[in-house]
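Encoded as structure tokens, the structure appears first; notes follow it.
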Ligand code: HEC
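In our numbering, the protein residues as written are -9 to 149.
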């Protein structure tokens, strides 16, 4: 009788100890993980506290007016001209401007690209800006301009 009680108690203590150890281990592992991935914590907080801020995510609205240095423009192949600022505002959030400058389209072609992005990629309505953007693009990145564009600088890799 007594021995059985003792066994019961020992088993109870053993289980309790195991649970406590499991808790400590998971706390240590959790701390280590969060230290290595602090962004997880941010994601958690943001999901939790700011459901209304979804529209502030960078990809869902135009850029603030940003200053691009001439070097930065040259690096992506954009040229100065009327409409450039609108392109920087509306077209550089989701992908590199290089995706724009490596393409050549007519006016209709550029409009089609914009419609496609609006239909499938979450591009917003451009309103009055659209005409100016399309004019800029079809002027500087037109199919027939191919021979006159700035030569591409190609970096060759040793294979
Ligand atoms: C809301 C996000 C978003 C914005 C803003 C955006 N695009 Fe795009 N665009 C995309 C996505 C996504 C793709 C596909 C990228 C890929 O294939 O890797 C794309 C692809 C492109 C392509 C390549 C199309 C092709 O046929 O390969 C061009 C050119 C382009 N965008 C131009 C523009 C221009 C010009 C603007 C400004 C009016 C713009 N993008 C703004 C999301 C966007």
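Built from N, CA and C at the ideal position, the CB exists for glycine as well.
Please state if the CB of residue 66 and the CB of residue 91 are separated by a distance shorter than 8 angstroms. Yes, they are a contact pair.
Which of the three DSSP states is assigned to residue 9 in this structure? Helix at residue 9.
Where residue 118 falls: helix, strand or coil (DSSP): In the three-state DSSP reduction, residue 118 falls in the coil class, being neither helix nor strand.
In terms of residues, what are the limits of the alpha helix (DSSP H) holding residue 81? DSSP places residue 81 inside the alpha helix (DSSP H), whose first and last residues are 74 to 81.
Flag this pair as touching only if the segment 48 to 60 and the segment 4 to 24 have three or more C-beta atom pairs under 8 angstroms; answer yes or no. Result no; under three Cβ-Cβ pairs closer than 8 angstroms.
Over the uninterrupted alpha helix (DSSP H) stretch that includes residue 60, give me the two end residues. DSSP places residue 60 in the uninterrupted alpha helix (DSSP H) bounded by 60 to 66.
Please report the residue range of the alpha helix (DSSP H) in which residue 146 lies. Looking at the DSSP string, residue 146 is not in any alpha helix (DSSP H), and its letter there is neither H nor E.
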